[in-house]
């Protein structure tokens with residue numbers, strides 16, 4: 274775009290869009306709370322009472338609880354896919370354009386529905402990289418998080434670039 278990089282400006286780039294970013298964060302928080310509640314319901318319908326941590330691990334490893342593992346994983350997958358679909362390009366879009374959080378989320382959802390294989394691969398790649406980055410006591414996130422943020426910006430630009438921007442060399 275012909276703008277010279279500046280550390281100070283980059284650290285405060287979110288400031289003009291704070292309201293919409295906060296609304297989007299609130300939407301994600303509500304979705305996460307519903308996800309937690311749904312997971313708790315699956316757990317409550319399967320077991321009598323709440324086991325402690327050790328009891329939970331033993332219950333998860335017990336082959337008699339296959340139905341619970343399948344249901345719990347399915348609920349988690351549904352919510353993870355839903356949250357990914359509404360957020361995959363929302364934050365870069367909120368930073369780049371003068372748009373509201375709902376429009377950004379719906380645009381992200383439309384992109385995922387239009388390109389399910391590409392977006393599915395992108396989601397899998399993010400999951401694998403973040404999981405690997407968490408193995409060395411989360412220190413890998415110091416490298417992986419900025420790289421994924423930068424890659425997400427380029428993915429957003431490639432997915433929603435204006436036609437004249439795509440044609441430019």
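Residue numbers (this note's numbering): 274 to 442.
Every residue, glycine too, gets a C-beta built ideally from N, C-alpha and C.
Just the Cα atoms here: how many angstroms apart are residue 217 and residue 284? It is not possible to answer for residue 217, since the shown part of the chain is limited to 274 through 442.
Would you mind working out which of 426, 280 and 297 sits nearest residue 362, comparing C-alpha positions? Sequence index remark: in the chain shown, residue 362 carries index 89 (1-based). Out of 426, 280 and 297, 426 has the C-alpha closest to the C-alpha of residue 362.
State the Cα-Cα distance for the pair residue 415 and residue 298, rounded to the nearest angstrom. As a working note, residue 415 is residue 142 in the chain shown. As a working note, residue 298 is residue 25 in the chain shown. Using only the alpha carbons, I get a separation of about 22 angstroms.
I'd like to know whether the C-beta atoms of residue 389 and residue 429 end up nearer to each other than 8 angstroms. For the purposes of this step, residue 389 is identified with residue 116 of the chain shown, where counting begins at 1. For the purposes of this step, residue 429 is identified with residue 156 of the chain shown, where counting begins at 1. Cβ atoms of residue 389 and residue 429: not closer than 8 angstroms.
Give every residue of the same chain whose Cβ lies closer than 6 angstroms to the Cβ of residue 338, excluding the five residues on either side of it in the sequence, and list them in chain order. By 1-based counting over the chain shown, the position of residue 338 is 65. Closer than 6 angstroms at Cβ, skipping near neighbours: 332.
Residue 314 vs residue 374 beta-carbon contact at 8 angstroms: Numbered from 1 along the chain shown, position 41 holds the residue referred to as residue 314. Numbered from 1 along the chain shown, position 101 holds the residue referred to as residue 374. The answer is no: Cβ separation not under 8 angstroms.
I'd like the list of long-range same chain contacts for residue 421, defined as Cβ closer than 8 angstroms, with 5 residues on each side in sequence excluded. Residue numbering aside, residue 421 sits at position 148 when the chain shown is read from its first letter. Within the same chain, residue 421 has close Cβ partners 399, 402 and 403.
First and last residue of the uninterrupted alpha helix (DSSP H) at residue 361: The count along the chain shown starts at 1 and reaches residue 361 at position 88. No alpha helix (DSSP H) holds residue 361; DSSP gives it neither H nor E.
Is DSSP giving residue 400 helix, strand or coil here? For this step, residue 400 is matched to residue 127 along the chain shown. Residue 400 falls in the helix class under three-state DSSP.
Can you say whether residue 395 is buried or exposed, counting buried as having 16 or more other CB atoms within 10 angstroms of its CB? If you number the chain shown from 1, residue 395 lands on position 122. Looking at its Cβ environment, which holds 16 or more other Cβ atoms inside 10 Å, residue 395 is buried.
With 16 other Cβ atoms within 10 Å as the buried cut-off, status of residue 385: In the chain shown, counting from the first residue as 1, residue 385 sits at position 112. Result: buried.
At what residues does the alpha helix (DSSP H) containing residue 275 begin and finish? Your numbering for residue 275 matches position 2 in the chain shown. Taken as a continuous stretch (DSSP letters only), residue 275 belongs to no alpha helix (DSSP H), as it is neither H nor E.
Is the beta carbon of residue 348 closer than 8 angstroms to that of residue 311? Here the question's residue 311 lines up with position 38 in the chain shown. Here the question's residue 348 lines up with position 75 in the chain shown. Yes; because the gap between Cβ atoms is below 8 angstroms, this pair is in contact.
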